[in-house]
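Asks:
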Amino acid sequence: MEIIEESEPGSRIVVGISLNAQASAELLSWVIRVVAKPWDTIVAIHILVCKEERKLYSDEKKKLRKAKAFVISLLGDFVRMSQANQVMLEGNVGVSSSIGRGLAQEAALSEAKFLIIGTSRNSNQKFFEITSHCFIYAPKSCSVVTVRTENIELHDLRSGIGKFEEEDNLSSSPKWHKKEKHHLFKSQSIIQKIFKAYSKKEKNHSLSKSMSTSEKSSPKAVLDGIELSSQQATNVTFSSPSSNSSSINRSNIWRRLSFVKGLLPSIFALEESTMKEGDAGSNYTDDQKPLWRCFGYDEISVATDNFNPENMVGRGGYAEVYKGTLGDGQTVAIKRLAKAKANENKESEFLTEFGILGHVCHPNTAYLVGCCIENGLYLIFDFCPNGTLASALHGKSGVFLDWPARYKITVGIARGLHYLHKCCQHRIIHRDIKASNVLLGEDFEPQISDFGLAKWLPKHWSHHSVLPIEGTFGYLAPEYFMHGVIDEKTDVFAFGVLLLEIVSGRRPVDCSKQSLLQWAKPLLEAGKIYELIDPVLGDNYDENQLKRLVQIASHCIRQPSIWRPSMSEVLDVLSESDDLRESQRWKILEQEIDEADDDSSVLTEFTLPY
Numbered sequence: 001m002e003i004i005e006e007s008e009p010g011s012r013i014v015v016g017i018s019l020n021a022q023a024s025a026e027l028l029s030w031v032i033r034v035v036a037k038p039w040d041t042i043v044a045i046h047i048l049v050c051k052e053e054r055k056l057y058s059d060e061k062k063k064l065r066k067a068k069a070f071v072i073s074l075l076g077d078f079v080r081m082s083q084a085n086q087v088m089l090e091g092n093v094g095v096s097s098s099i100g101r102g103l104a105q106e107a108a109l110s111e112a113k114f115l116i117i118g119t120s121r122n123s124n125q126k127f128f129e130i131t132s133h134c135f136i137y138a139p140k141s142c143s144v145v146t147v148r149t150e151n152i153e154l155h156d157l158r159s160g161i162g163k164f165e166e167e168d169n170l171s172s173s174p175k176w177h178k179k180e181k182h183h184l185f186k187s188q189s190i191i192q193k194i195f196k197a198y199s200k201k202e203k204n205h206s207l208s209k210s211m212s213t214s215e216k217s218s219p220k221a222v223l224d225g226i227e228l229s230s231q232q233a234t235n236v237t238f239s240s241p242s243s244n245s246s247s248i249n250r251s252n253i254w255r256r257l258s259f260v261k262g263l264l265p266s267i268f269a270l271e272e273s274t275m276k277e278g279d280a281g282s283n284y285t286d287d288q289k290p291l292w293r294c295f296g297y298d299e300i301s302v303a304t305d306n307f308n309p310e311n312m313v314g315r316g317g318y319a320e321v322y323k324g325t326l327g328d329g330q331t332v333a334i335k336r337l338a339k340a341k342a343n344e345n346k347e348s349e350f351l352t353e354f355g356i357l358g359h360v361c362h363p364n365t366a367y368l369v370g371c372c373i374e375n376g377l378y379l380i381f382d383f384c385p386n387g388t389l390a391s392a393l394h395g396k397s398g399v400f401l402d403w404p405a406r407y408k409i410t411v412g413i414a415r416g417l418h419y420l421h422k423c424c425q426h427r428i429i430h431r432d433i434k435a436s437n438v439l440l441g442e443d444f445e446p447q448i449s450d451f452g453l454a455k456w457l458p459k460h461w462s463h464h465s466v467l468p469i470e471g472t473f474g475y476l477a478p479e480y481f482m483h484g485v486i487d488e489k490t491d492v493f494a495f496g497v498l499l500l501e502i503v504s505g506r507r508p509v510d511c512s513k514q515s516l517l518q519w520a521k522p523l524l525e526a527g528k529i530y531e532l533i534d535p536v537l538g539d540n541y542d543e544n545q546l547k548r549l550v551q552i553a554s555h556c557i558r559q560p561s562i563w564r565p566s567m568s569e570v571l572d573v574l575s576e577s578d579d580l581r582e583s584q585r586w587k588i589l590e591q592e593i594d595e596a597d598d599d600s601s602v603l604t605e606f607t608l609p610y
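Printed below as a string of C-alpha cells:
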C-alpha cells in the first residue's frame, strides 16, 4: 500500500471547532491521538461570524467572550493528553464574514499542513458550504480534511481518502494511505464526553502549568480590544514541558497581535540563553511554574460570603479586594473590578494586570491562583496574611517590622524587579512600585503586586513614551513625570524612594505635603545617614546593611536616569558576599553629578526620534 502523505515533525494542523462541547472534544481528541505526530502544533480555532469584521457590536462582543471562555475550558481539558503525545496546542477565536473564509485565512496564516473540519448529521448544508470554500481558497500546500464527529469518519478532499491503521492502544504513528475510490472509515474508538462547558453550574477546570505565550507589545484589553478578522485571531499556546525544542521554533506565534493573551496568559518559556543568565533570586524551575484556573462566579461568591463587606481587606483606585476561603480550604484574596468604576480604561488596566501576571513566575511577584469572567472581572491570588508593606510600615496592620525583616523585604523587592527587567522574554516595567503594592507573606517574603499600569518594553527599544502620566506622586521619576518617558530606570527611581521609606518609616508624602525626597536628600548630601533611621528601630539595626541601603538609595534617586544603577547592580551591592567597597565601580563623582543633575540632561537623554 502506497503511503501518500505524512505529517512532518513540526507541522501545523488547523482544526475548526464549533461551540458544541462534545463534538469539539471528540474531534480534538481524535486529532491529537491519530493525526498529530510528536512536535506538531494543533491550532484549534472557532470562527465567530460577523458581517462587519472590524466593528463588533454589544451582542457580538458577548458572543466573543463566551467563545473565549469555551476555548479556555476545551484546551484546558486536553493539556495532559497533548503533553503525553508531545503535541503543542494553540487555541484561536477568530472573527470573519464566514466560517469558511475564516478557516481558510487561518490555514494560510499558520502555514498549515492540514485543515481539519468537523461536522454532524444535522449540519450537512452548512458544512458543505464551509468545506467548499476551504477547498477552493485554502493554500495548495494544505490538505483539507473533513471529519464526522458522530463516528470520527475521515474524508480528504484533496488527496483522496485515507485510513489510519492503528493498534488497539492507539500508540502507533499515524500514516495516510491512498485509496482510488472514496470511502469512509471509522476509527476504532471515540472518547466519551470529557468536556464540561464553562458555566456557573458546572465545574471549572485547571489549565496547564506549562502554557507558553509571547506577544509583540502590551497585553491589550481582552473584552474590548480591537477584535478584528481571523488574521488577528486570539491565540494561546500549550506546550509540553518535556519538549526541549518547543521553545525554539516559536517565531510564528509572534506574527499577529493577540488579544486573548490577556485572558489566557501563561508562563513565558524562556529561551535557553535567558535561562542560563538566570535570576539570583528565583527558586522556580520549569516543573514549578504556577497553575491557575478559571473559577465560576458561584464558587468565588461562596468563598467571600457573597462579597460580604466584612470580608473586604483592601480597596484601590478601581478595584476591591476580598478575603475568601475556597472549598478546599485555601485562603485567597479576590480582586474585583469595582462596578461603580468599571469604565473602559479601568477594565483595560484590570485585564492588563491579568495578562502580565500570567506571564510572570517568581517568588517575589504576586501569585495568580485564577480568574473569573462571569458577572464582572475577578482575579484570585494567594492571601498574604501580613497585608501590604505600607500598612506594616505605617502602623495600620499592627505588624512590626524589625531590621532583619526590612532588609529581607528590600532584597526580595530587588529580586522581583530584576526578574521583571531582565529575566522575562519581554522586559516588564511596573510603573507603580510603592509600599502599598508590595504584599507580605507569612515569613515577610515580599511580592510585587498590582500590574495594572505595567508595560512591556520590546527588546529593541531603549525607552518608551507613555501618555497619560500615571502612577503615584512621590514615586514618579522626573523623566517620566516631565516627559512621559519610561524604561527600567523608572522603576529603579521608585525603588530608591521605597528604600528610603523602608529605612525611615516615613511616607513618600507626609501630611504637610513634604516629600520624602525633600526631607532625605539634605541628610544624604551631608552624610547624616543615621538620622534616616526609623525611630521605632532605635539602635537595633545592622550598620553595614544600613550603609548599603543608603548608598543604593542615593544612586537610585539620581535625577538623570543614566546615573542610576540597574537592578542587577543593586543586587550585587545587596549581596552579603559583596564587599561594600566594590560598589564604588558604579559610584559617580560629585562633579559629574552636579554637571548632569538638571532638567536639560533629562530632556537630552530621552529625546525620541520622530
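Residue numbering for the sequence shown follows full-length UniProt numbering, starting at 1 and increasing by one per position.
Glycine included, C-beta positions come from ideal geometry on N, C-alpha and C.
All figures in this text were calculated on a predicted structure; none of them were measured in a lab.
#1: Considering Lys335, what are the terminal residues of the beta strand (DSSP E) in which it resides?
#2: Secondary structure at Trp456, three-state DSSP: helix, strand or coil?
#3: Roughly how far, in whole angstroms, is the beta-carbon of Val14 from the beta-carbon of Cys50, given that I think they are within contact range, below 8 Å?
#4: Is the beta carbon of Leu420 less than 8 Å from the beta carbon of Val360?
#5: Taking the CB atoms as reference points, tell me whether Met88 and Ile32 lie closer together than 8 Å.
#6: Nearest to Ala435 by alpha carbon, out of Phe473, Leu457 and Asp443?
#7: Rounding to the nearest angstrom, what Cα-Cα distance links Leu516 and His555 in this structure?
#8: Tell me the residue span of the alpha helix (DSSP H) that contains residue 691.
#9: Run through the DSSP bridge pairs and tell me what Ile42 is partnered with.
#10: Tell me where the alpha helix (DSSP H) around Gly527 begins and ends.
#11: Nearest-angstrom Cα distance between Tyr475 and Ile529?
#12: Below 6 Å CB to CB, which residues in the same chain sit around Gly91 once its five sequence neighbours on both sides are set aside?
#13: Three-state secondary structure (DSSP) at Lys113?
#14: In whole angstroms, what separates the C-alpha of Gly387 from that of Leu440?
#15: List in chain order: all unbroken beta strand (DSSP E) runs of 3+ residues lying wholly within the stretch 370-407.
#16: Identify every residue that forms a DSSP beta bridge with Ser322.
#17: Work out the CA separation of Ser98 and Gly416 for me, nearest whole Å.
#18: If we call anything under 8 Å between Cβ atoms a contact, is Leu337 one with Tyr322?
#19: Within 8 Å, do at least three Cβ pairs link the stretch 346-356 to the stretch 450-457?
#20: Taking 7 Å as the limit between beta carbons, can you name the residues of its chain near Asp394, skipping five residues before and five after?
#21: Can you pull the DSSP bridge partners for Gln447?
#22: So, with DSSP's three-state summary, where would you put residue 611?
#23: Any contact between the stretch 475-486 and the stretch 522-536? By contact I mean 3 or more CB pairs, one from each, below 8 Å.
#24: Taking Arg548 as part of the alpha helix (DSSP H), name the residues at either end of that continuous run.
#25: Please check the pair Leu457 and Ile429, which I expect to be a contact at CB under 8 Å, by giving their CB distance rounded to whole angstroms.
#26: Can you confirm whether the stretch 375-390 touches the stretch 483-495 when touching is taken to mean that 3 or more C-beta pairs between the two stretches lie within less than 8 Å?
#27: Could you tell me whether the Cβ atoms of Ile334 and Arg406 are closer together than 8 Å?
#28: Using the C-alpha atoms, what's the distance from Asp59 back to Ile409?
#29: Alpha carbon to alpha carbon, what distance is there between Ile448 and Asp542?
#30: Using alpha carbons as the reference points, say which of Val536, Ser18, Leu27 and Ala25 lies closest to Lys63.
#31: Taking the continuous alpha helix (DSSP H) assigned at Arg65, which residues delimit it?
#32: Under three-state DSSP, which class holds Val145?
#33: Is DSSP giving Ser96 helix, strand or coil here?
#34: Which residue's Cα is closest to the Cα of Leu379: Ser391, Ala366 and Leu389?
#35: Out of Arg427, Val536, Val509 and Trp519, which has the shortest C-alpha to C-alpha gap to Met567?
Replies: Well, looking at it:
#1: Thr331 to Leu337
#2: strand
#3: That pair is no contact at about 20 Å.
#4: yes
#5: no
#6: Phe473
#7: 15 Å
#8: What the structure shows of the chain is the stretch from 1 to 610, and residue 691 is not part of that stretch, so it cannot be assessed.
#9: Ile13 and Leu89
#10: Element bounds for Gly527: n/a, residue is neither H nor E.
#11: 21 Å
#12: Ala44, Val71, Leu75 and Val236
#13: coil
#14: 6 Å
#15: 378-382
#16: A small fix is needed here, since residue 322 is Tyr in this sequence, not Ser. Its beta-bridge partners are Met312 and Ile334.
#17: 46 Å
#18: no
#19: yes
#20: A quick correction: the sequence has His, not Asp, at residue 394. So the list reads Arg507, once near-sequence residues are dropped.
#21: Leu439
#22: Outside the displayed range of the chain (1 to 610) lies residue 611, so it cannot be described from this structure.
#23: no
#24: Glu543 to Cys556
#25: 6 Å
#26: no
#27: no
#28: 48 Å
#29: 25 Å
#30: Ser18
#31: Ser58 to Asp77
#32: strand
#33: strand
#34: Ala366
#35: Arg427
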